[in-house]
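Using this note's numbering, read the sequence shown as starting at 621 and increasing by one per residue.
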Amino acid sequence: MQLDFSYLIRTFWLCVKAVPVTLEITIVSLLLAIIPALFIALARIYHVKVIEQLCSIFVSFIRGTPIVLQILIVYSIMPSLLNSFVKSAGWSINVFEMNPVIYAFVVFGINSSASLSEVFRSAISSVNRGQLEAALSIGETHFQAFRRVVLPQAAVSALPNLCSTTVILIKNTSLAFMMTVREITGIAKIEAAYGYNYVESYIDIFIIYIAVCLLVELIFRKIERRVVFAGVRRVKTN
C-alpha cells in the first residue's frame, strides 16, 4: 500500500482548521456540566433524600452506557421533542435547521456532568471534615465555609482528574460527526470519501488528537504547579 502524501498533507491542514470546533464543543460542554455536576456531588455527599437516589441512577446510567447510544438517543428524540414544543408555543422556528453543534453540546454536557460529579465528589470528600467544622465554629455560615475552606482545597485535588476528564471528552468529540458536526473526524471522513483515502485520513486524525491532548495535559500541569506553588507561598506567609 502506497500513501498519498499530497492528500495526507492537504487533509491534515483541513482537519487542523476544524480543531476550534472540537475545542468549542469541549469547553462549552464542560461549562454546561460544572453546575449540575457540583449539585450531584453535593447531593450524594450529604445524602439528600430522594435526590441522592435519583442522582445515583443518573450517574450509573450515563457512565454505564456507551456514549454512542447517548448520541443516538438525543439526536433521534430531541429534535422531535423540540419541534412539538415549538409548535405548541406557536413559534415559527424550524428546529430541523438548527446547528447540529447544539445537540453536541447537550450530549457531551450531559455525559460530562456525570463524569465531573464523580471528580468533584472524590475531591470534596478528600478535604478533612474537621476544617469545615472549625470554620463553622468561628461563626461562618455553611456556604462561606464551603466556599472559603472546602472548595479551594477540593479544586487542587480535582485538577488531575479534571485533566483526565477533559482529555477523554476531547477524544469523545470525535463521535460528533454522527450528528453531522464538521469537527476533526467529520472533516477527515468527508475528505476520505472522495478518493477512499481512509488510511491517510486516520493518520491525520491520530496526529492531531495526540497533539491537542498533549497540549491540554501540559496546560493542566502548569495550572496545577501554579496552584500548588500559590498554596505553599500562602502557608509560608501565614
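Think of the CB as a built atom: it goes at the ideal place given N, C-alpha and C, for glycine as much as any other residue.
(request) Tell me the start and end of each unbroken alpha helix (DSSP H) in the region 762-850 that is at least 4 residues and wholly inside, in chain order. (result) Qualifying alpha helix (DSSP H) stretches, in chain order: 762-765, 771-792, 804-815.
(message) So, for L838: in the same chain, excluding its five sequence neighbours on each side, which residues have a beta-carbon less than 6 Å away from its beta-carbon?
(response) Excluding residues within five positions, none has a Cβ falling inside 6 Å.
(message) Going by DSSP in three states, I713 sits in which element: helix, strand or coil?
(response) In this structure, DSSP gives I713 a state outside helix and strand, which the three-state scheme calls coil.
(message) If distances are taken between C-alpha atoms only, which option among R841, A812, R767 comes closest to S784?
(response) Taking the Cα of S784 as reference, the smallest distance to any Cα among R841, A812, R767 is reached at R841.
(request) Identify, in the order they occur along the chain, each residue of the same chain with its Cβ nearer than 6 Å to the Cβ of Y822, setting aside the five sequence neighbours on each side. (result) No residues qualify anywhere along the chain.
(message) Restricting to runs no shorter than 4 residues, where is the alpha helix (DSSP H) found entirely within the region 691-740?
(response) Listed in chain order, there is nothing to give.
(message) Given a cut-off of 8 Å on the beta-carbon distance, is the pair Q773 and V747 in contact?
(response) Yes, these two residues count as a Cβ contact at 8 Å.
(request) Compute the beta-carbon to beta-carbon distance between F766 and A661, rounded to the nearest angstrom, for a pair I have assumed lies under 8 Å. (result) Between A661 and F766 the Cβ distance is about 12 Å, and since that is not below 8 Å, they are no contact.
(request) Kindly list the residues whose CB is nearer than 7 Å to the CB of E672, restricted to its own chain and excluding five residues on each side of it in sequence; keep chain order. (result) Result list for E672: A663, R664, in chain order.
(request) Report yes if the C-beta of A638 is less than 7 Å from at least one heavy atom of the ligand HEM; otherwise report no. (result) The ligand HEM is not part of this structure, which contains no ligands at all.
(request) For N858, count neighbouring C-beta atoms within 10 Å of its own C-beta (all shown protein chains included) and say buried if the count is 16 or more, exposed if not. (result) Residue placement at N858 is flagged as unreliable, the pLDDT there being 48, under the threshold of 50; the coordinate-derived value follows with that caveat. Burial is judged here by how many other beta carbons sit within 10 angstroms of a residue's own beta carbon; N858 has fewer than 16 and is exposed.
(message) Just verifying my parser: in three-state terms, what is the DSSP assignment at I758?
(response) Coil at I758, not helix or strand.
(request) Would you decide whether I843 is buried or exposed? Buried here means 16 or more other CB atoms lie within 10 Å of its CB. (result) The residue in question, I843, is exposed, as its Cβ has fewer than 16 Cβ neighbours within 10 Å.
(request) Would you kindly check if the distance between the Cβ of A808 and the Cβ of T631 is under 8 Å? (result) Between T631 and A808, the C-beta gap is smaller than 8 Å, which places the two residues in contact.
(message) Using a Cβ-Cβ cutoff of less than 8 Å, which residues in the same chain neighbour F725 once the five nearest sequence positions on both sides are dropped?
(response) Take F725, set aside five residues on each side of it, and the residues of its chain with a beta-carbon closer than 8 Å to its own are I645, V648, S649, L652, in chain order.
(request) Assign G815 to buried or exposed, taking buried as 16 or more other Cβ atoms, counted over all protein chains shown, within 10 Å of its Cβ. (result) With fewer than 16 other Cβ atoms from the protein chains shown falling within 10 Å of its own Cβ, G815 counts as exposed.
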